[in-house]
Amino acid sequence: MTLFTLSMKSPVGPLRLIATERALAAIYLPNHRGAPELEARASKDHPVLLATRRQLEEYFAGERHTFELPLEPSGTPFQQTVWKGLREIPPGVTWSYAALARHIGHEGSARAVGSANARNPISIVVPCHRVVGSNGRLTGYAGGLPAKQWLLEHEQAHSARRSAS
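Going by the numbering used here, the final residue of the sequence shown carries number 161, and the count climbs one at a time with no gaps.
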C-alpha cells in the first residue's frame, strides 16, 4: 500500500499527516511515543492531506469542532471499536477510561481501552486527548502531556464560546 505524507505547523508543534490513496491513516505529533517508522511519499497535492490540513487549521483557529474526513486507521477490531468511541466524545468534554469502556459496551475493560487509546494513530481528529484518569487527572498522551493539556484547554475555551453565542 502506498502512503503519502504532508507536514504542517500547529500550536502543539509540527504535525506529520499520513494518508492512503483514499483516507487519512495517521497524524503524529513531534516525538510521538510509539509512532511507527512509515515509508511515505511526500505529497503537496493529495486531496485527503489537503482537506486534513485545512480542517486542522480551522480547528486550531477555533472555527471547527468536528472533522469530516475519510479515516483508515490500522488496528485490531477492538482498537477500531475504541477509536470509534473516541469520536463520540463531544468537544470540550473529557471521559475516563472506564466511562469510555462502558460507552463501547466493554465495562470493566478500562485497561484494555487505555492500551487501545495509546495506539490511536490519528491524533486530534480521533480525540484520544479527551480521555483522562478516573480521578480527572491528565494521564499519558503519545504527543506529551503539554500537548494534551493545550488541546483540552483549547476545546473547552471554544466550546464555552460556542455555547454562549
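Where is the CB? At the ideal position from N, CA and C, for every residue including glycine. Remember, predicted model here, so these are calculated numbers, not experimental data.
If we ignore side chains and look at the alpha-carbon of each, how far apart do residue i and residue j end up?
i: L(-1); j: Q152; result: 34 Å
i: A19; j: G104; result: 33 Å
i: R98; j: N27; result: 31 Å
i: L96; j: V89; result: 12 Å
i: E17; j: P10; result: 22 Å
i: L141; j: L82; result: 18 Å
i: Y24; j: Y55; result: 16 Å
i: G129; j: L65; result: 28 Å
i: L46; j: P7; result: 18 Å
i: E84; j: S39; result: 30 Å
If I'm right that residue i touches residue j with Cβ under 8 Å, what's the distance once you round it to whole angstroms?
i: W91; j: V127; result: 6 Å
i: P117; j: A57; result: Not quite, the Cβ-Cβ distance comes to about 24 Å (not below 8 Å), so this is no contact.
i: T1; j: A36; result: 4 Å
i: A143; j: A114; result: Not really, about 14 Å apart at Cβ, beyond 8 Å.
i: I120; j: L147; result: 7 Å
Tell me, which residues are paired with residue i by DSSP?
i: M4; result: L11
i: L67; result: L20
i: A38; result: T1
i: I118; result: I23
i: V128; result: S92
Which two residues bound the contiguous alpha helix (DSSP H) that contains residue i?
i: T62; result: Run containing T62: none; DSSP gives neither H nor E here.
i: H102; result: It is not in any alpha helix (DSSP H) - H102 carries neither H nor E in the DSSP assignment.
i: A47; result: P43 to F56
i: P87; result: Element bounds for P87: n/a, residue is neither H nor E.
Item to check | Validate contact between the region 133 to 141 and the region 67 to 74 using beta carbons, cut 8 Å, 3 pairs | outcome: no
Checklist entry - Taking contact to mean at least 3 C-beta pairs separated by less than 8 Å, is the region 74 to 83 in contact with the region 108 to 121? => result yes
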